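Colleague: Line by line, the protein sequences give chains Z and U. What the first sequence shows, in the numbering used here, is residues 785 to 976, in sequence order. What the second sequence shows, in the numbering used here, is residues 785 to 976, in sequence order. Idealized CB from N, CA, C, for every residue including glycine. All values derive from a computational prediction rather than experimental measurement.
There are 2 protein chains.
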Amino acid sequence: MTIAAPDTRTRVLDVAERLVQTRGFNGFSYADISVEVGISKASLHYHFPTKAELVGCLVERYEHDFHLAVSRIDNSHDHALDRLKAYSEIYVRVLKADRMCLCGMLAADYTTLPDVIQKRVLKFFQFNEDWLTSALSRGRARKEITFAGKPSEAAHLLVSTLEGAMLLARAHKDIARFRLLAASLLKGLALK
Amino acid sequence: MTIAAPDTRTRVLDVAERLVQTRGFNGFSYADISVEVGISKASLHYHFPTKAELVGCLVERYEHDFHLAVSRIDNSHDHALDRLKAYSEIYVRVLKADRMCLCGMLAADYTTLPDVIQKRVLKFFQFNEDWLTSALSRGRARKEITFAGKPSEAAHLLVSTLEGAMLLARAHKDIARFRLLAASLLKGLALK
DNA sequence: GTCTATAGGCAGATAGAC
DNA sequence: GTCTATCTGCCTATAGAC
Numbered sequence: 785m786t787i788a789a790p791d792t793r794t795r796v797l798d799v800a801e802r803l804v805q806t807r808g809f810n811g812f813s814y815a816d817i818s819v820e821v822g823i824s825k826a827s828l829h830y831h832f833p834t835k836a837e838l839v840g841c842l843v844e845r846y847e848h849d850f851h852l853a854v855s856r857i858d859n860s861h862d863h864a865l866d867r868l869k870a871y872s873e874i875y876v877r878v879l880k881a882d883r884m885c886l887c888g889m890l891a892a893d894y895t896t897l898p899d900v901i902q903k904r905v906l907k908f909f910q911f912n913e914d915w916l917t918s919a920l921s922r923g924r925a926r927k928e929i930t931f932a933g934k935p936s937e938a939a940h941l942l943v944s945t946l947e948g949a950m951l952l953a954r955a956h957k958d959i960a961r962f963r964l965l966a967a968s969l970l971k972g973l974a975l976k
Numbered sequence: 785m786t787i788a789a790p791d792t793r794t795r796v797l798d799v800a801e802r803l804v805q806t807r808g809f810n811g812f813s814y815a816d817i818s819v820e821v822g823i824s825k826a827s828l829h830y831h832f833p834t835k836a837e838l839v840g841c842l843v844e845r846y847e848h849d850f851h852l853a854v855s856r857i858d859n860s861h862d863h864a865l866d867r868l869k870a871y872s873e874i875y876v877r878v879l880k881a882d883r884m885c886l887c888g889m890l891a892a893d894y895t896t897l898p899d900v901i902q903k904r905v906l907k908f909f910q911f912n913e914d915w916l917t918s919a920l921s922r923g924r925a926r927k928e929i930t931f932a933g934k935p936s937e938a939a940h941l942l943v944s945t946l947e948g949a950m951l952l953a954r955a956h957k958d959i960a961r962f963r964l965l966a967a968s969l970l971k972g973l974a975l976k
C-alpha cells in the first residue's frame, strides 16, 4: 500500500495544522504557510478564502482523524484498560511532535475565534467525553476497571487532566512526566 | 481600610492582564489597552517600552499575588483538605471572571513568547507544584488525607487537572462542572 | 506623563494576468 | 491554480512637542 503524494490543499492543511498546534490561532499568518508550502499568499486564498475557513477545515479534519483513531481502538482492544491506554497514547504522539492538541490550543484562543470554529471545538470535546464515558461505563460493567461516581464525570476528569498535562508538558519539554501522569491515572482505574 | 485609586501603571496592568487571560499573548494589542485605559498608545510605551516587558511585569505581579494567596491559605487553614479546597477556589475565582489562568494561557502561547517570559511561566508552575507537594506531603503525614505515590506526582496531577479543566470550563461556560470536578478531586484525597 | 504624528512592517484579503 | 501587484488596516515602536 503506497501513500499518494499529498495535493496542495492537503499540504496547506498540514502546515497550517502544525502552526496552530504550536503557535495558536493568532500566532501564525498566511505568510508563514506561504513560505513553508512554497506558493504565494494569494494562491492560499484560492484554496481557503479566509483564515476562518482554513482553520474550520482544520478542526473538521482533526475531529475526523480522531474518530478514525478511536474506532481503531474499539476494534483492536477489548479490555477497558487497554482502550484507555491506547487513547492516552494518541496524546503522547501529539506531544512527541512538540505540539499541543489542536482543540486544546483553540480552547485557549476561544474568545478570539469565529463562531463556527467555537462550535466545532466544543463538538470535539463532546465527542471525546462521550467516547470515554462509554468506554468507562462498559469497562466498569464488565468489572475490568473501577472508579467512583458517574462515568461522565470520570470522562470529564480524564479529558481535563490529559489536556492540562499536555499544556504543561510541552512548556516543560518533558514527555516522560506526561507519561508518568497518564500511567498513574490508569492505575487509579485498575482493579485493586 | 480604604483602597487608593490605582495609578495609571496599575490600570494598564489590570487591563492588560484581563486581555492576556481572555485573548492570549497574540490576541491583543496596545491599541486595545489604549481604548480601555483612555490614554494614547504612545503613553503606554512610556510605562512599558515593549510588549515583552509589559507581559513580563504581568507574570511577575500574577506570581506575587499567587504567593500572597497561598500564604494566606497557610495562615488561615490548618487541615490539608481545607487548604486544598481554598487553593482550588483561587481557580474558581478566575473562572468566574471569565478568564483563563494567566500562566495557563501563556503556556498555550509558549513557543511565541520572549525567552524571559517563558522562564517566568515555568517558575509559576514550579511554585504551584512545590506548594501543593508540601501541602500534600504534610497532610498525609498528619493522616488528614490519603493518596498513592509521591506527593510531587499528586501535585502534578492536581495542577494539570485544574488547568485543563479551566481551559474546558471557560469554553463551555460551565463553572458548575469545574466545581464538581474539583470537589471529586478532593474527595479522592479524603480518608476512606 | 501625555500627546500628535509617523515610521516601517505585517496582517488578511482582492484584482486581474497567465 | 498560481502568479504579481496592490489595498486597507493594524501592528509595535519612536520622535519630539507640551
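Does any residue of chain U bring its CB to less than 8 Å from the CB of residue 859 of chain Z?
Modeller: Taking Cβ atoms only, chain U never reaches closer than 8 Å to residue 859 of chain Z, which makes this a no.
Colleague: Leaving out five residues on either side along the sequence, give the residues of the same chain with a beta carbon under 7 Å from the beta carbon of residue 939 of chain U.
Modeller: Cβ within range, chain order: 913, 916, 917 and 920.
Colleague: Below 9 Å between beta carbons is the criterion; list the residues of the stretch 938-968 of chain U that meet it against any residue of chain Z, in chain order.
Modeller: Residues 938, 940, 941, 943, 944, 945, 946, 947, 948, 949, 950, 951, 952, 953, 954, 955, 956, 961, 962, 964, 965 and 968.
Colleague: Leaving aside the five residues before and after residue 857 of chain Z along the sequence, list all residues of the same chain whose C-beta is less than 7 Å from its C-beta, in chain order.
Modeller: Result list for residue 857 of chain Z: 867, 870 and 871, in chain order.
Colleague: Below 7 Å between beta carbons is the criterion; list the residues of the stretch 798-811 of chain U that meet it against any residue of chain Z, in chain order.
Modeller: Taking 7 Å as the Cβ-Cβ cut-off against chain Z, the residues of the stretch 798-811 of chain U that qualify are 806, 807, 808, 810 and 811.
Colleague: Check whether the Cβ of residue 906 of chain U lies closer than 8 Å to any Cβ atom in chain Z.
Modeller: At least one chain Z Cβ lies under 8 Å of residue 906 of chain U.
Colleague: Counting along the chain, where does the alpha helix (DSSP H) carrying residue 975 of chain Z start and finish?
Modeller: Neither: residue 975 of chain Z is in no alpha helix (DSSP H) and is coded neither H nor E.
Colleague: I want to see whether chain U comes within less than 8 Å of residue 893 of chain Z, judged by CB atoms only; does it?
Modeller: Interface residue, yes.
Colleague: Given a cut-off of 8 Å, decide if residue 800 of chain U and residue 808 of chain Z are closer than it, judged by their beta-carbon atoms.
Modeller: Not in contact: residue 808 of chain Z and residue 800 of chain U (Cβ atoms no closer than 8 Å).
Colleague: Counting pairs of Cβ atoms below 8 Å between the stretch 833-840 of chain U and the stretch 898-907 of chain U, do you hit three or more?
Modeller: Judged by Cβ distances under 8 Å, the stretch 833-840 of chain U makes contact with the stretch 898-907 of chain U, as three or more pairs qualify.
Colleague: Taking residue 911 of chain Z as the reference, give the member of Z:848, Z:970 and Z:875 with the closest Cα.
Modeller: The candidate whose alpha carbon is nearest that of residue 911 of chain Z is Z:848.
Colleague: Have a look at U:971, U:804, U:787 and U:953 and flag the residue whose alpha-carbon is nearest the alpha-carbon of residue 930 of chain U.
Modeller: Cα-wise, what sits closest to residue 930 of chain U is U:971.
Colleague: In three-state terms, what does DSSP make of residue 810 of chain U?
Modeller: DSSP places residue 810 of chain U in helix when its eight states are reduced to three.
Colleague: For residue 963 of chain U and residue 827 of chain U, what's the separation of their Cα atoms in angstroms?
Modeller: Their Cα atoms are separated by approximately 41 Å.
Colleague: By DSSP, does residue 950 of chain U sit in helix, in strand, or in coil?
Modeller: Residue 950 of chain U: helix per DSSP, three-state reduction.
Colleague: So which residues of chain U does residue 933 of chain Z contact, with C-beta pairs closer than 9 Å?
Modeller: Ordered by position in chain U, the residues that pass the 9 Å Cβ test against residue 933 of chain Z are 968 and 971.
Colleague: Mind reading off the beta-carbon distance from residue 950 of chain U to residue 885 of chain U? Whole number of angstroms is fine, and I expect it under 8 Å.
Modeller: Right, their Cβ atoms sit about 6 Å apart.
Colleague: Helix or strand or just coil, what does DSSP make of residue 883 of chain U?
Modeller: Three-state result, residue 883 of chain U: coil.
Colleague: Give me the Cα-Cα distance between residue 787 of chain U and residue 877 of chain U, rounded to the nearest whole angstrom.
Modeller: Using only the alpha carbons, I get a separation of about 20 Å.
Colleague: So is residue 923 of chain Z in contact with chain U if we call contact Cβ pairs under 8 Å?
Modeller: Taking Cβ atoms only, chain U never reaches closer than 8 Å to residue 923 of chain Z, which makes this a no.
Colleague: If you measure between the beta carbons of residue 797 of chain Z and residue 845 of chain Z, is that distance less than 8 Å?
Modeller: A contact, by the Cβ cut-off of 8 Å.
Colleague: Quick check: residue 831 of chain U and residue 792 of chain U, are their CB atoms within less than 8 Å of each other?
Modeller: Cβ distance < 8 Å, so residue 831 of chain U and residue 792 of chain U count as in contact.
Colleague: Do you know how far the Cα of residue 813 of chain Z is from the Cα of residue 823 of chain U?
Modeller: For residue 823 of chain U and residue 813 of chain Z, the distance between alpha carbons rounds to 30 Å.
Colleague: Quick check on the burial criterion: 16 or more other C-beta atoms within 10 angstroms. Buried or exposed for residue 897 of chain U?
Modeller: Residue 897 of chain U should be labelled buried.
Colleague: May I ask you to list, following chain order, the residues of the stretch 815-847 of chain U that have a beta carbon less than 9 Å from some beta carbon of chain Z?
Modeller: Against chain Z - using a Cβ distance shorter than 9 Å - the stretch 815-847 of chain U contributes no residues.
Colleague: Give the range of the alpha helix (DSSP H) segment to which residue 929 of chain U is assigned.
Modeller: That residue, residue 929 of chain U, is in no alpha helix (DSSP H); it is neither H nor E in DSSP.
Colleague: Would you give the residue range spanned by the alpha helix (DSSP H) that residue 897 of chain Z belongs to?
Modeller: Element bounds for residue 897 of chain Z: n/a, residue is neither H nor E.
Colleague: Hey, how far is the Cα of residue 905 of chain Z from the Cα of residue 953 of chain Z?
Modeller: Going by the C-alpha atoms only, they are around 22 Å apart.
Colleague: Give the range of the alpha helix (DSSP H) segment to which residue 840 of chain U is assigned.
Modeller: From DSSP, the alpha helix (DSSP H) with residue 840 of chain U extends over 835-860.
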